[in-house]
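Participant: Before we start, here is the structure in question, set down as structure tokens.
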Amino acid sequence: MLEIKNLHANIDDKEILKGIDLKVNAGEVHAIMGPNGSGKSTLASVIAGKEEFEVEEGSIILEGEDLEELSPEERAHKGIFLSFQYPVEIPGVSVTNFVKTAINESRKARGLEDMPANEMLKMIREKSELLEMDRKFLSRSLNEGFSGGEKKRNEIFQMAMMEPKLAILDETDSGLDIDALRIVANGVNKLRNKDNAIVVITHYQRLLEYIVPDYVHVLYNGKIVKSGTKELALELEEKGYDWLKQEATV
Ligand code: ADP
Ligand code: MG
Ligand code: MG
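Residue numbers (my numbering): 54 to 303.
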């Protein structure tokens, strides 16, 4: 699904990612952990194609295709979904209208007609039921007055509707309350399937008590210094990140 090879990326001539190698197969959930400032959000942004970052070396390959020349929109249309760290408020545009527009824009970019209204409604019903969403929530204005948990619910709903091949959820370092954490975890657990891949970026091992990842990687100072299975997350919980310093320098 996704293959990252020797990825080096800069911002303002400062090297942030210093040679990342990562392979994610369909059907897998990977967690990327690491201390604050290690480059986790940068990695997510670079995969999504955000233009403020300069890829100096290496490649990002999605289903055999090198993404180098593709804009963030083109990458989204290829099936990459990046959760929003700073959700925009759009008064007057409901949760469902926003997602309908996003789906139809994506279809248009792929040369498809709008999704028939009845099909769209059916999908909205199915996905909102799967995620146990209150119907009233669907007609609220996008992000207006949303709590942390509601923002996450909206994000997970968008992810469910877009049916991405690769979803990257950057849970930021600002922390999620327990309610938001459960929403994200339940959503990921319900949406994971053999055809998609999910990368969860988190500073906290707590989230991984709810989402059981197939692989855990530690990003430290712009490099993946350790990879393992879910036990690695427990080890990090116990020992923190400092013991990885030596591995980061070799
Ligand atoms: P993490 O998500 O692991 O906390 P980030 O990817 O946000 O780490 O940041 C990694 C490094 O890149 C930090 O030193 C941060 O200051 C720097 N950085 C990130 N974004 C920017 C930016 N827009 N401008 C300048 N420096 C940035
Ligand atoms: Mg940070
Ligand atoms: Mg971050």
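Positions of the beta carbon are idealized from the N, C-alpha and C atoms, including for glycine.
(1) Can Gly202 and Ile236 be called in contact, C-beta distance under 7 Å?
(2) Check whether chain C comes within 7 Å of Asn59, counting only Cβ atoms and requiring the distance to be less than that.
(3) Just to confirm, does Ser136 get its C-beta within under 6 Å of one of the non-hydrogen atoms of ligand 1?
(4) Are Ala286 and Ile251 touching if we call contact CB-CB under 7 Å?
(5) I'd like the span of the beta strand (DSSP E) that includes Phe134, first residue to last.
(6) Given the structure, does Lys71 come close to ligand 3, in the sense that its CB is under 6 Å from one of the ligand's heavy atoms?
(7) Out of Leu70, Lys247 and Val82, point me to the one whose CA is closest to Asp267's CA.
(8) Judging by CA-CA distance, which residue of Gly87, Asn242 and Ala79 is the nearest neighbour of Glu288?
(9) Here's the rule: buried if 16 or more other CB atoms are within 10 angstroms of the residue's CB, otherwise exposed. What is Phe210?
(10) Compute every distance between the C-beta of Thr255 and the non-hydrogen atoms of ligand 1, then say whether any falls below 6 Å.
(11) Output yes or no for whether 7 Å exceeds the beta carbon distance between Ser194 and Pro140.
(12) Answer yes or no: the CB of Lys189 versus the heavy atoms of ligand 1, is any distance below 6 Å?
(13) Whose CA, out of Arg206, Glu172 and Ser98, lies closest to the CA of Asp314?
(14) Please classify Phe134: is it buried, with 16 or more other beta-carbons within 10 angstroms of its beta-carbon, or exposed?
(15) Once DSSP output is grouped into helix, strand and coil, what is the label at His270?
(16) Report yes if the C-beta distance between Asp84 and Leu261 is below 7 Å; otherwise report no.
(17) If I measure Cβ to Cβ from Val108 and keep anything under 6 Å in the same chain, skipping five residues before and after, which residues do I get?
(18) Can you tell me whether Ile64 sits near ligand 1, meaning its C-beta is under 6 Å from at least one heavy atom of the ligand?
(19) Should Gly293 go down as buried or exposed, given a rule of 16 or more other Cβ atoms within 10 Å for buried?
(20) Taking one C-beta from the segment 178-191 and one from the segment 105-119 each time, how about it: are there three or more such pairs within less than 8 Å?
(21) Cα separation between Met54 and Glu216?
(22) Does the beta carbon of Lys93 fall short of 6 Å from some heavy atom of ligand 3?
(23) Cβ atoms of Lys247 and Gly80: under 7 Å apart, would you say?
Facilitator: Checking against the coordinates, here is how it stands:
(1) yes
(2) Note that chain C does not occur in the displayed structure, where there is just one protein chain.
(3) no
(4) no
(5) Ile133 to Leu135
(6) no
(7) Val82
(8) Gly87
(9) buried
(10) no
(11) no
(12) no
(13) Any property of residue 314 remains undetermined from this structure, which presents the chain solely from 54 to 303.
(14) buried
(15) strand
(16) The sequence shown places Ala at residue 84, rather than the Asp named in the question. Going by C-beta atoms, Ala84 is nearer than 7 Å to Leu261.
(17) Ala62
(18) yes
(19) exposed
(20) no
(21) 15 Å
(22) yes
(23) yes
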